[in-house]
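Colleague: Count along the sequence shown from 1, add 38, and you get the number used in the numbering used here.
From the three backbone atoms N, C-alpha and C, an ideal C-beta is built for every residue, glycine too.
It should be emphasised that the depicted structure is a prediction, and the values quoted were computed from it without experimental measurement.
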Amino acid sequence: MSDSNRPLPPQKKPRFLSALFFTHMTQGLTTTLPYVIAVYMVRDFLAAQDPDGLPPSEEHVGALTGLLGASFCAAQLITSYPLGMLSDIVGRRIIIIIGNISCVIGVLFFGLSSNYTHAVLSRFAAGLFNAIIGAEKAMIGESLDSAQQAKAMGHISLMWGIGTMIGPTIGGLLANPCDSTRGAMRWWINNNNSPSKNLNDSTISAVIANSTSSGTISSGSVNGGGGVCSQPDGLFFRKPYFLPCVAASLLSMVATALTIFYLDETLPRMKKRCDIGGSVGGTRRRGYMPLGIRDTRAESLNDDDFNGVGEVQLIETALQIDNEVEDGVGGKERVAVEEDYDGSLDDNNITTNHNYSEEQRATRSEKTAAHLELSLPWYKQRNVLLCLSGYSLIAFCFILLDELIPIYASARVIDGGLGFPTSKLASPLAFGGFILVVWALFGFPWMHARLGAVKCITLGLIQTAPMALLIPCATLSWSPPAATMWLAMGFKAIAGTNAFTGCIILVNVVAPKESLGAVNGVGQTLASAVRAAGPALGGLFWAWSLTLFKYLGFESSWGHQFLPFLFGAMVALATLGVYAKVKLPMETRIIGASSPPSS
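(1) By a C-beta neighbour count over all protein chains shown, 10 Å radius and 16 as the cutoff for buried, is S195 buried or exposed?
(2) Out of curiosity, what's the CA-to-CA distance linking G498 and A533?
(3) Ordered along the chain, which non-local residues of its own chain (more than five positions away) have a Cβ less than 6 Å from that of F162?
(4) Can you give me the C-alpha to C-alpha distance between D313 and P306, rounded to a whole angstrom?
(5) Let me confirm a value: Y78 is counted as buried when at least 16 other C-beta atoms fall within 10 Å, else exposed. Which label applies?
(6) Assuming E174 and L554 form a contact by the criterion Cβ under 8 Å, report the distance between their Cβ atoms to the nearest whole angstrom.
(7) Quick check: the segment 142-162 against the segment 71-90, are there 3 or more CB pairs under 8 Å?
(8) How would you call A612, buried or exposed, if buried means at least 16 neighbouring beta carbons within 10 angstroms?
(9) Shortest alpha-carbon distance to F472 belongs to which of F529, G591 and Q187?
(10) Measuring straight from C-alpha to C-alpha, what distance separates A176 and N546?
(11) To the nearest angstrom, report how far apart P215 and P206 are at their CA atoms.
(12) Assign K493 to buried or exposed, taking buried as 16 or more other Cβ atoms, counted over all protein chains shown, within 10 Å of its Cβ.
(13) In terms of residue numbering, what span does the alpha helix (DSSP H) encompassing G89 cover?
(14) Could you tell me whether the Cβ atoms of L564 and S583 are closer together than 7 Å?
(15) Along the alpha helix (DSSP H) that carries V451, what are the first and last residues, could you check?
(16) Assuming contact is defined by CB atoms lying nearer than 7 Å, are I139 and T294 in contact in what I supplied?
(17) In angstroms with no decimal places, state the Cα-to-Cα distance between D440 and K418.
(18) Between the C-alpha atoms of M523 and C541, what's the straight-line distance to the nearest angstrom?
(19) Just the Cα atoms here: how many angstroms apart are R322 and L423?
(20) Please report how far the alpha carbon of L273 lies from the alpha carbon of G149, in whole angstroms.
(21) With contact counted as at least three CB pairs below 8 Å, one residue from each stretch, are the segment 496-515 and the segment 557-575 in contact?
(22) What is the rounded straight-line gap between the Cα of L525 and the Cα of E97?
(23) Do the CB positions of W198 and G66 come within less than 7 Å of each other?
(24) Tell me the DSSP secondary structure of H598 in three-state form.
(25) Work out the CA separation of A76 and T103 for me, nearest whole Å.
(26) In whole angstroms, give me the CA-to-CA distance for D333 and M63.
(27) Please work out which residues of its chain come closer than 6 Å, Cβ to Cβ, to T68, disregarding the five sequence neighbours upstream and downstream, and give them in chain order.
(28) Quick one: give me the first and last residue of the alpha helix (DSSP H) that V620 is part of.
(29) Can A520 and M203 be called in contact, C-beta distance under 7 Å?
(30) Can you check which of these residues, F54, G122, P415 and L431, is closest to F605 by C-alpha distance?
(31) Suppose the cutoff is 7 Å on Cβ atoms and the five residues either side in sequence are ignored; what does the same chain contact list for V451 look like?
(32) Can you name the start and end residues of the alpha helix (DSSP H) that A570 belongs to?
(33) DSSP state of F167, grouped into three classes?
(34) In the DSSP assignment, find the unbroken alpha helix (DSSP H) run with P510 in it and report its ends.
(35) Can you tell me where the alpha helix (DSSP H) holding C267 begins and where it ends?
(36) Is the Cβ-Cβ distance between P459 and Q599 less than 7 Å?
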């Protein structure tokens, strides 16, 4: 086999994976950062438009925040599949580079938005050119063997967790930097203007009031010249959400540089052709050998229908990839034939000369049906469609919760919220990101090795339902709001890692290698659709629940906050039905490393 068809050389793999993982981290950051500050931006935009200076209604805030959150993924919905198909032609690398550049520009313009329309347009434009996640998953499928894919997907979740930890943190600390009681200016004053380093709120307010009136804050010294917090022309005074967006754009610039210099192309058709063993009968045909070719050793799925939880069965197979066999309609499809079958392909039926018991024949029949399904186009393969549907529903559930949490946390207590400022909301969200990192690094690999991907997904969805209902419990009188939110965010991180990482692994397992870009493109398109619908529906559900309580004549709106989160819990439980129908005889998760065969 030629070198172009082998997995990445060991000396290239660290820098390749570093570029891929850092890029995914910035995706988590640039995704969660706008969700955290968007609701506060909307409140400011609406307050500025009110001639009487009255606070905006929660119904209006919820609806507009949901639409703003949906704009990014609505744009991805339009372009994800075309860009996924384009990546099958021009390569994955260029798609990721373009996506990183769009993140840099989009997040800067988002921070500079002067009104609601500008904010929506900046998020929409950034999403149009961002198909990074689909290209990343295709690269992993093409450049790593099955064992390494599972580990890489775990690290993908790890880096996403780091991004979701950094995003809320910098959003909470750096938003409204000229605020006199919190954020970046509090830190700067305590570390630059007082020997005690512990000024109280009134002293800090006086320092900022004196400094901003003379234009000295952010100049590096209280005796300096005009600064970015000077009133009314200071940059951060006029654009209070620009500073965290600058920090996010700088990290996206680093990701862009890493992908340009360190990310190698993995698309098989852009590499040298090689001769491989082809059709049934041993005829050699010229074709492409994907880098992510399945190893000859595979574990059982640990499904109850096969060998039970924890039992490992290594099966020696001879997988023939890209065999050119007429499928009865003139198309050429892939057929996988096990070494056990000493027979021929006749009218799409595999016959064998071995004698088996009825139970063995039933098992063989299931395996044969699975192999024959591989000869179908990917969009007709049952497991591919089920896994894509499940991935979409999981994405919808968690994006709905991601949108609801800031709306709920920032709402007034009388309206069923917590009344948190950005700085107070940042802490539980950052804690959730920390738990996600720890679980993705240590907990999920251990659990996946024992349960398999399907059971990990099932467990994650079961965990999601009570977690979603725990979040609004922070408003109950017996519940400390901050502590409850910390607990809920940690619980959410574990449930999300179990569900998301498992479903990503399954999509790559069931997708035909030659259509990996298209399948992941469809996956991102579907995810973009539900991620566009999720924030919009989350904001609308919040507004509708308030309206419903008023319509029913309740004196207070308190209690309505449980309804939107109840809907999220119901979506998680409904998704269990999708994965209950996924039946795979084998999951390509390799034990131990293996070397690709040489020609």
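Modeller: Here's the rundown:
(1) With 16 or more other Cβ atoms within 10 Å, it is buried.
(2) 4 Å
(3) Excluding positions up to five away in sequence, the list reads S109 and A113.
(4) Since pLDDT at D313 reaches only 37, below the 50 mark, its modelled position is unreliable, and the value read off the structure follows with that caveat. Their Cα atoms are separated by approximately 13 Å.
(5) buried
(6) The pair is not a contact, with the Cβ atoms about 12 Å apart (cut-off 8 Å).
(7) Flag = yes, the segment 142-162 and the segment 71-90 touch.
(8) exposed
(9) F529
(10) 8 Å
(11) 15 Å
(12) buried
(13) Strictly speaking, residue 89 in this sequence is Pro, with Gly absent from that position. It is not in any alpha helix (DSSP H) - P89 carries neither H nor E in the DSSP assignment.
(14) no
(15) Here V451 belongs to no alpha helix (DSSP H), and DSSP marks it neither H nor E.
(16) yes
(17) 33 Å
(18) 26 Å
(19) Note that R322 has pLDDT 41, beneath the 50 cutoff, so the model's placement of it is unreliable and the number below is only indicative. Distance between the alpha carbons of R322 and L423 is about 32 Å.
(20) Distance between the alpha carbons of L273 and G149: 11 Å.
(21) no
(22) 28 Å
(23) In this structure, G66 lies closer than 7 Å to W198 by Cβ.
(24) coil
(25) 6 Å
(26) Note on D333: pLDDT 40, under 50, position unreliable in the model; the coordinate value appears next. Roughly 29 Å separates the two Cα atoms.
(27) C141, V145 and A286
(28) No alpha helix (DSSP H) contains V620, which DSSP labels as neither H nor E.
(29) no
(30) L431
(31) G457
(32) For A570, the enclosing alpha helix (DSSP H) starts and ends at L554 to Y589.
(33) In the structure shown, F167 sits in coil (DSSP, three-state: anything other than H, G, I, E or B).
(34) Per DSSP, P510 belongs to no alpha helix (DSSP H) and is neither H nor E.
(35) Here C267 belongs to no alpha helix (DSSP H), and DSSP marks it neither H nor E.
(36) no
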